[in-house]
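Enquirer: Questions regarding the structure given below will be posed in turn.
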């Protein structure tokens, strides 16, 4: 059978895209292979590890198990869209300042999920951060500096420092 | 990276349009959190997917004749953040905030969880405890089933191949107190226990529903005068041993969760 194709219009990190994609193309494949945005990783492909997290609208989605076709009419934010030009987001800067990256493979997913958390909770407790990031796995097991980074970013964003 | 098998995709905008195509080989697609994984593993190989995410009726959350009514494409996140759900059935919002992870909650739907009949579910036991019913619609018929009529076994539900689950209806004025206690070390709960003080047609009852530990959720109703002992109830359920624990261990944890849920009910009664 010939590959079924779907036309979509979407905005990725503020840039409009019109694409014709195979129905079976995942969001992760679309971002990485069609748009060249390789910041979004894939690993477990079971929505468990969190490395493929992206925002669709304001909500986090596992890009490994969502269809690119379902992005039609939606706005997507990937890790490449968090910085403002060369200016890192407060969360990205806090990850650097607390040494919250080790091998770095899980970092894009943690950044996206923490961004999503801070959109709805500007002053989370360490427990709330850990609970929200429960679906992200760091195989270097560097969870403590990641939680510290999120708390530091939240504090800097609240105090404007 | 293992790619999804090929399929065609339909994107209907009405329930009628969706029903025209849903069949054994043409499956409704909600959040895809279970379906796309099953397809990637080649456990399901449909000819087409019928995305129901663009049908406004299926996104609705409303109160209708004493029921909270959730459309068949309502996500865990949409339900748990809805003021209607939080006001009328707060225990449901509390449970939905604990499902999976934030990404699963943002995409996954309650109806999808029911149709997959995943035995390690938080959603199915609480809906059973709340006496929820599901509405199934096909091109020429509609029927309403209780949760125990609908969930028939692990990964096995009563949906016919041409049916779409359009509504979940939850009675709102029956619950006096409610608690949900679960124990989880992996992606899915080892055991989840819902305990509710209910006003039923036969009078007041305390209900205990035990999910995730066995092939189906278990429901026990007690009179207000009866003692509820976790260990005793846990002895009556089937505990399936797996990577999360042995049968003996799971039975023990089940008893502890029951006692904790009942203790939380007692706390609420004392307020």
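Residue numbers (my numbering), protein chains in the order written: chain A, 10 to 170; chain B, -7 to 263.
By construction, the Cβ of each residue, glycine as well, lies at the ideal position given by its N, Cα and C atoms.
From a predicted model like this one, the values you see are computed outputs, not experimental measurements.
CB-CB under 7 Å to residue 146 of chain A, same chain, minus the five flanking residues each way: which ones, in chain order?
Expert: Reading the first chain from its first residue, position 137 is the one you call residue 146 of chain A. Excluding sequence neighbours, residue 146 of chain A sits near 58, 59, 115.
Enquirer: Can you name the start and end residues of the alpha helix (DSSP H) that residue 90 of chain B belongs to?
Expert: By 1-based counting over the second chain, the position of residue 90 of chain B is 98. No alpha helix (DSSP H) holds residue 90 of chain B; DSSP gives it neither H nor E.
Enquirer: In its own chain, which residues sit with a C-beta less than 6 Å from the C-beta of residue 51 of chain A, not counting the 5 before and 5 after it?
Expert: Within the first chain, numbered from 1, the residue matching residue 51 of chain A stands at position 42. These residues qualify, in order along the chain: 37, 61, 73.
Enquirer: Anything in the segment 178 to 204 of chain B with a Cβ closer than 7 Å to a Cβ of chain A? List those residues in chain order, please.
Expert: 179
Enquirer: Hey, how far is the Cα of residue 133 of chain B from the Cα of residue 157 of chain B?
Expert: Mapped onto the second chain, residue 133 of chain B falls at position 141. Mapped onto the second chain, residue 157 of chain B falls at position 165. Going from the Cα of residue 133 of chain B to the Cα of residue 157 of chain B covers about 12 Å.
Enquirer: For residue -7 of chain B and residue 47 of chain A, what's the separation of their Cα atoms in angstroms?
Expert: Taking the second chain and counting its residues from 1, one reaches residue -7 of chain B at position 1. Taking the first chain and counting its residues from 1, one reaches residue 47 of chain A at position 38. Since pLDDT at residue -7 of chain B reaches only 49, below the 50 mark, its modelled position is unreliable, and the value read off the structure follows with that caveat. When rounded, the distance between both Cα atoms is 14 Å.
Enquirer: If you measure from the beta carbon of residue 21 of chain A to each beta carbon in chain B, is any gap under 9 Å?
Expert: Residue 21 of chain A sits at position 12 when you count from the first residue of the first chain. So no, residue 21 of chain A is outside the interface.
Enquirer: Among B:153, B:142, B:180, B:161, which one has its Cα closest to the Cα of residue 56 of chain B?
Expert: Here residue 56 of chain B refers to the residue found at position 64 when the second chain is read from its first residue. If we check each option's Cα against that of residue 56 of chain B, B:161 comes out closest.
Enquirer: Using beta-carbon positions only, say whether residue 101 of chain A and residue 165 of chain A come within less than 9 Å of one another.
Expert: Translated into positions along the first chain, residue 101 of chain A becomes position 92. Translated into positions along the first chain, residue 165 of chain A becomes position 156. Not in contact: residue 101 of chain A and residue 165 of chain A (Cβ atoms no closer than 9 Å).
Enquirer: By how many angstroms is the C-alpha of residue 218 of chain B removed from the C-alpha of residue 23 of chain B?
Expert: Start at 1 with the first residue of the second chain, and residue 23 of chain B comes out as number 31. Start at 1 with the first residue of the second chain, and residue 218 of chain B comes out as number 226. Each residue's alpha carbon lies about 42 Å from the other.
Enquirer: Could you tell me which residues DSSP pairs with residue 9 of chain B in its beta bridges?
Expert: Numbered from 1 along the second chain, position 17 holds the residue referred to as residue 9 of chain B. According to DSSP, which records beta bridges pairwise, residue 9 of chain B is partnered with nothing at all.
Enquirer: For residue 34 of chain B, return the contacting residues in chain A, with the cut-off set at a CB-CB distance below 8 Å.
Expert: For the purposes of this step, residue 34 of chain B is identified with residue 42 of the second chain, where counting begins at 1. Within chain A, not a single residue places a beta-carbon under 8 Å from that of residue 34 of chain B; the smallest gap is close to 13 Å.
Enquirer: Helix, strand or coil, according to DSSP, for residue 47 of chain B in the structure here?
Expert: The count along the second chain starts at 1 and reaches residue 47 of chain B at position 55. In this structure, residue 47 of chain B counts as coil in the three-state DSSP scheme.
Enquirer: Please state the DSSP three-state secondary structure of residue 166 of chain A.
Expert: Within the first chain, the letter at position 157 stands for residue 166 of chain A. Residue 166 of chain A falls in the helix class under three-state DSSP.
Enquirer: For residue 84 of chain B, which beta-bridge partners are listed by DSSP?
Expert: Position 92 of the second chain, counted from the first residue, corresponds to residue 84 of chain B. Note: residue 84 of chain B sits in no beta bridge, so no partner.
Enquirer: For the 8 Å Cβ check, are there 3 or more pairs between the segment 246 to 257 of chain B and the segment 176 to 189 of chain B?
Expert: yes
Enquirer: So which of B:170, B:112, B:214 has the shortest CA-CA distance to residue 259 of chain B?
Expert: Numbered from 1 along the second chain, position 267 holds the residue referred to as residue 259 of chain B. That would be B:170, whose Cα lies nearest to the Cα of residue 259 of chain B.
Enquirer: Using a C-beta cutoff of 9 Å, does residue 130 of chain A count as contacting chain B?
Expert: Taking the first residue of the first chain as position 1, residue 130 of chain A is located at position 121. False, the Cβ-Cβ gap to chain B never drops below 9 Å.
Enquirer: Residue 54 of chain B lies in the beta strand (DSSP E); which residues open and close that run?
Expert: Taking the first residue of the second chain as position 1, residue 54 of chain B is located at position 62. Taken as a continuous stretch (DSSP letters only), the beta strand (DSSP E) holding residue 54 of chain B covers 53 to 56.
Enquirer: What separation, rounded to the nearest whole angstrom, lies between the Cα atoms of residue 40 of chain B and residue 262 of chain B?
Expert: By one-based count along the second chain, residue 40 of chain B stands at place 48. By one-based count along the second chain, residue 262 of chain B stands at place 270. If I take the Cα positions, the gap works out to 54 Å.
Enquirer: By the criterion of Cβ-Cβ separation under 9 Å, what are the contact partners of residue 69 of chain B in chain A?
Expert: Taking the second chain and counting its residues from 1, one reaches residue 69 of chain B at position 77. In chain order: 68.
Enquirer: With a Cβ-Cβ cutoff of 9 Å, do residue 84 of chain B and residue 75 of chain B count as a contact?
Expert: If you number the second chain from 1, residue 84 of chain B lands on position 92. If you number the second chain from 1, residue 75 of chain B lands on position 83. No; because the gap between Cβ atoms is not below 9 Å, this pair is not in contact.
Enquirer: Within a Cβ cutoff of 7 Å, which residues of the same chain sit near residue 81 of chain A, ignoring the five residues on either side of it in sequence?
Expert: Along the first chain, one-based indexing puts residue 81 of chain A at 72. So the list reads 17, 18, 19, once near-sequence residues are dropped.
Enquirer: My output table needs one value for residue -5 of chain B: the three-state DSSP class, helix, strand or coil.
Expert: Counting from 1 along the second chain, the entry for residue -5 of chain B is found at position 3. Residue -5 of chain B falls in the coil class under three-state DSSP.
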